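There are 2 protein chains.
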Amino acid sequence: MAQKRASISDIAKELNLAVSTVSRALSGHSRISEATRKRVWKLAEQLNYQPNHLAAALRKGRSNTLGVIVPHIDGHFFSQVMKGAEAVANRAGFNVLLCQSNEDYGQEQKNVDTMINAQVDGIMVSVARTTHDYKHFDKIKKRDIPLVFFDRILDSPEVNAVELDDFQGGYQSTKHLLEQGCRRIAHFGGPQHLNIYINRFGGYRQALQEYGIPIEEELVLFSEMWEADGRAGMEQLLALPRPPEAVFSASDFSIVGAMRVLKERKLRIPEDIALSGFSNESFTSLTEPNLTSVDQCCEEMGLAAMRLLLEMVQEHEQAPRKIVIQPRLIKRESSLWHQQP
Amino acid sequence: MAQKRASISDIAKELNLAVSTVSRALSGHSRISEATRKRVWKLAEQLNYQPNHLAAALRKGRSNTLGVIVPHIDGHFFSQVMKGAEAVANRAGFNVLLCQSNEDYGQEQKNVDTMINAQVDGIMVSVARTTHDYKHFDKIKKRDIPLVFFDRILDSPEVNAVELDDFQGGYQSTKHLLEQGCRRIAHFGGPQHLNIYINRFGGYRQALQEYGIPIEEELVLFSEMWEADGRAGMEQLLALPRPPEAVFSASDFSIVGAMRVLKERKLRIPEDIALSGFSNESFTSLTEPNLTSVDQCCEEMGLAAMRLLLEMVQEHEQAPRKIVIQPRLIKRESSLWHQQP
DNA sequence: CTGAAAGCGCTAACAG
DNA sequence: CTGTTAGCGCTTTCAG
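Protein chains in written order, with the UniProt record's numbering: chain A, 1 to 341; chain B, 1 to 341.
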């Protein structure tokens, strides 16, 4: 029982008008008499007319769709970002096309093609961990499709980006541990080809330096930062002749692993070893003790990135901009010496 | 420096062929000589030709895009579902358009219009909590756009749906508690106009009945199931003259709230009160003790729903189908009397 | 203020 | 095997 969609030409015929007139009436053009405008709208309503965006898009060369490429959608950060981004896009009358790279470079290249084929008017992207070169983004640039990087960015002055001040996050977190009296502070770091992990590590070093404490290599451990990595890392630290008094981790997952190990060994948190993570994952307030972490203001990031993208889509040609979002240190039990229950 | 997209007609001109020939060569039509096919592909490659899907869609009346409407994308369940759904869709050459209703009925209605305007070839939807009537879905039916409900479904025999066997989930969970020796078992239930919560509650009752245990009204508490609701619920239960020996909650969030209260009161889990939740949220394996929960096989659900949708899109007119996914009870410390560390 | 006509890029008859 | 042609539904000159 397919019901044929009413089209502009249907309305035109019915009303003895030219399609162009109907089109203008519908799109709120100025040079249209109030009378015809009303007649058109009324019939459109009656026929439950829905504009065929595809046709309009083809004609105008713009699809009214914006693409978002993320490494994955499961997990706290990216889903929150999406929430913000989608809200902004929809309010501005744009649809959102979603692609996940699954942290895979090859898939990310395909995603870019998908976006181009879908004729999106702009693209928001956070690169996969395995992405080492950026040729596929050149295609986008060549076609003059507005492009905004967020969080995991391609660092280059010509690029539009929204990023978190990861350096500040690392700095504040480490400084907080120092203020709690810790001096030997370890760091769990992530892949060092990604800006975010480089910067978190940088903040850590800066804080230590300000306190005149040298970096000890044996206290800095890099990994993929899963829970298992955190477990292994903690075991390694505890095996040292002089274990650290605290750990600043660039991920909440690995700090949970560390926490597990400490509990198994009946070590107290934070009295024996204080812990602080990164991302303010939802579980950080559910563990025992609660985990101190750095909030990335995910939704704000999504809002900002999408707003920037929309501006680029709507007003042509702008000088590249970078927006930096400030993180917030959330102090919880795992790092607070004097506020244990 | 916008680079003009190469089109089929560009290729045709360059090669002195008709557009139709080029189109056929490109789409792997059979009646095309190997020679021309090669020439066409080669030039297409050179010009970095990308098909204009919009034009094809307009012509064919199919957009190659599938829509997904979910209540929200942040959180475990829906993001996992999306992961599965997107994987299937992309593999079949379809794009995915995402809309969130934010658990709001009005927004859900708008989402439906968005999908229709975007000319999606099919729609997958899980309804918002506040959705009480289903008129907006009639629009979709009227247009003969394939529609699949998942998880939170509109229960009607004419509808295509993928759902979890929530009844089984509730039944197994409760039976497990019974097998652990608990007899007075409380239930935290969700809004009773949603099929999922009705069924989880139903499974609970069935299990009790099989053990010849009557339902006690004071042990059954309905709420929105947030953590705070769980706290309040637990307080209420503990204030009873004879508190229960276990709680089966239809949500992991409220069971965490309950856990908090028990710990504050220095009650032991599971010795004093055993706990079991629902959804197998990622934090359930991070709490102490770990939380027993029911895994919803989210990704599988996304896969199944999208596969069903694709079948409907590709082969026309089928009898409505319902697919039921079996949940898995994940037994953890919070309910296991003899396996405490 | 309204109409006629062209065309966005592609596909699918229908001819050869 | 290839070419010619029409048209998907809409917007946008260009003419009145």
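Cβ coordinates follow ideal geometry from the N, Cα and C atoms, glycine included.
Just so it is clear, the structure is predicted and the values come from calculations on it, not from any experiment.
Histidine 132(A) - containing alpha helix (DSSP H), residue span:
Segment: none, histidine 132(A) is in no alpha helix (DSSP H) and carries neither H nor E.
ask   = Which chain B residues sit within Cβ distance under 8 Å of glutamine 119(A)?
value = Asn52, His53 and Leu54
* Asked: For the stretch 76-92 of chain B, which residues have a beta carbon sitting closer than 9 Å to at least one beta carbon of chain A?
  -> His76, Phe78, Ser79, Gln80, Met82, Lys83, Glu86, Ala87 and Asn90
Q: Counting only the same chain and skipping the five closest in sequence on each side, list residues whose C-beta sits under 6 Å from that of glutamine 172(A).
A: Leu329
Put histidine 118(A) into one of helix, strand or coil per three-state DSSP. Per the sequence shown, the amino acid found at residue 118(A) is alanine instead of histidine. Looking at alanine 118(A) - three-state DSSP - the assignment turns out to be coil, as it is neither helix nor strand.
For chain A, find out if any of its Cβ atoms is closer than 8 Å to the Cβ of asparagine 195(B); answer yes or no. no
Sort His53(B), Ile185(B) and Ala92(B) by Cα distance to isoleucine 8(B) and report the nearest one. His53(B)
Just to make sure I have the definition right: I need the residues of chain B whose C-beta is within less than 7 Å of the C-beta of asparagine 95(A). Which are they? Leu97, Thr114 and Ala118
| message | Does chain A have any CB closer than 8 Å to the CB of glutamate 108(B)? | response | no
query = Name the DSSP beta bridge partners of histidine 187(A), please?
reply = Val220(A) and Phe248(A)
Measure the alpha-carbon distance for leucine 286(B) versus alanine 44(B) and round it to whole angstroms. 53 Å
Going by DSSP in three states, lysine 266(A) sits in which element: helix, strand or coil? coil
query = Quick one: what's glycine 67(B) bridged to in DSSP?
reply = Leu97(B) and Ile123(B)
Exercise. On a CA-only basis, which of Val324(B), Ala319(B), Ile325(B) and Ser334(B) is nearest arginine 158(B)? Give me that one, please.
Key: Reading off the sequence shown, one finds glutamate at residue 158(B), where the question assumed arginine. If we check each option's Cα against that of glutamate 158(B), Ala319(B) comes out closest.
Check: In the DSSP assignment, what residue or residues form a beta bridge with alanine 161(A)?
Finding: Phe149(A) and Lys322(A)
query: Count the other CB atoms within 10 Å of the CB of histidine 76(B); is the residue buried (16 or more) or exposed (fewer)?
result: buried
Would you say alanine 18(A) touches the ligand PLP, meaning its beta carbon is less than 7 Å from a heavy atom? As presented, the structure is devoid of all ligands, the ligand PLP included, so that no description of it is given.
CB contact flag (asparagine 195(A), isoleucine 153(A), <8 Å) | yes
With 8 Å as the threshold, decide whether the Cβ of alanine 305(B) is near any Cβ in chain A.
no
Notebook entry, point to check: Within 8 Å (strictly less), CB to CB, does alanine 2(B) reach chain A?
Noted result: Any reading at alanine 2(B) needs caution, since the residue's pLDDT is 49, under 50, leaving its predicted position unreliable; the model's value is listed next. Yes, its Cβ sits closer than 8 Å to a Cβ of chain A.
Open item on the list: Let me see if you follow: with CB-CB separation under 8 Å, is residue 358(B) close to chain A or not?
Closed with: Nothing can be reported for residue 358(B), as the shown portion of chain B is limited to 1 through 341.
**Prompt:** In terms of DSSP beta bridges, what is alanine 274(B) paired with?
**Reply:** Ala246(B)
Among the candidates Val81(B), Thr131(B) and Asp252(B), whose CA atom is the shortest distance from the CA of tyrosine 105(B)? Thr131(B)
* Asked: Should glycine 189(B) and valine 220(B) be called a contact, given that it needs their Cβ atoms to be closer than 8 Å?
  -> yes
task: Compare the C-beta of serine 7(A) against all C-beta atoms of chain B and say whether one is closer than 8 Å.
output: no
Note to self: In whole angstroms, give me the CA-to-CA distance for alanine 258(A) and histidine 187(A).
What the structure shows: 12 Å
Using a beta-carbon distance below 8 Å, is residue 348(B) in contact with chain A?
-> As displayed, chain B neither begins before 1 nor continues past 341, which places residue 348(B) out of reach and without an answer.
### Message
Taking 8 Å as the threshold (beta carbon to beta carbon), is phenylalanine 283(A) in contact with chain B?
### Response
yes
ask   = Exposed or buried, which one is proline 214(B) when buried takes at least 16 other CB atoms within 10 Å?
value = exposed
Let me see if you follow: with CB-CB separation under 8 Å, is threonine 174(A) close to chain B or not?
no
When the Cα atoms are used, what is the spatial distance from methionine 234(A) to glycine 277(A)? 14 Å
Please report the straight-line C-alpha distance between serine 20(A) and lysine 38(A), rounded to a whole angstrom. 16 Å
Check: Using a C-beta to C-beta distance shorter than 7 Å, which residues of chain A count as neighbours of residue 360(B)?
Finding: Since the first residue shown for chain B is 1 and the last is 341, residue 360(B) is missing from the structure and cannot be characterised.
TODO: Assign alanine 239(A) to buried or exposed, taking buried as 16 or more other Cβ atoms, counted over all protein chains shown, within 10 Å of its Cβ.
DONE: exposed
Does any residue of chain B have a CB that is nearer than 8 Å to the CB of glutamine 340(A)?
Low confidence applies to glutamine 340(A): its pLDDT is 41, below 50, so where it sits in the model is not reliable enough to give any reading.
Arginine 200(B) burial status per 10 Å Cβ neighbour count (16 or more: buried):
buried
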